[in-house]
Amino acid sequence: MSINLNTSIIGAIIPIFIVILSGYAFRKIKFPGEGFWIYAERITYYVLFPSLLLQKIATAPLDLAEYIPMTGALYAAILTMAALVL
594 MSINLNTSII
604 GAIIPIFIVI
614 LSGYAFRKIK
624 FPGEGFWIYA
634 ERITYYVLFP
644 SLLLQKIATA
654 PLDLAEYIPM
664 TGALYAAILT
674 MAALVL
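In the numbering used here, the protein residues as written are 594 to 679.
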């Protein structure tokens, strides 16, 4: 069981490191040019990352029965803090 878990974790992390290292190498050899990286960072920050977050949130499974205890604890904490403030 632990061998499968370790290989799945490594299999998930390796592509991330490959992308990071290839981006670092491209920047070092100035492959697309200095001006490219400014716009690439902007489009990633303002367009690609928010769209990834929205896609993940929209396709996330939502089982309300799992969240009832957490919701109750949050409401209790909020009401307790409100009572202490008053």
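Glycine residues also receive a C-beta, built at the ideal position from the N, C-alpha and C atoms.
This one's a predicted model, so the numbers in the text were calculated from it and none came from an experiment.
Taking only the alpha-carbon atoms, compute the straight-line gap between residue i and residue j and give it to the nearest angstrom.
| i | j | result |
| --- | --- | --- |
| Gly-665 | Val-640 | 35 angstroms |
| Phe-624 | Ala-653 | 37 angstroms |
| Ala-633 | Ile-613 | 14 angstroms |
| Leu-677 | Ser-615 | 53 angstroms |
| Gly-656 | Phe-619 | For the sequence presented, residue 656 should be read as Asp rather than Gly. Whole-angstrom Cα-Cα distance: 43 angstroms. |
| Pro-608 | Ala-675 | 47 angstroms |
| Ile-661 | Leu-667 | 10 angstroms |
| Leu-672 | Leu-679 | 11 angstroms |
| Phe-610 | Ile-622 | 18 angstroms |
Helix, strand or coil for residue i? Go by DSSP, reduced to three states.
| i | result |
| --- | --- |
| Leu-641 | helix |
| Leu-655 | coil |
| Lys-623 | coil |
| Leu-679 | coil |
With distances taken Cα to Cα, identify the nearest neighbour of residue i among the options.
| i | options | result |
| --- | --- | --- |
| Tyr-617 | Trp-630, Ile-602, Leu-679 | Trp-630 |
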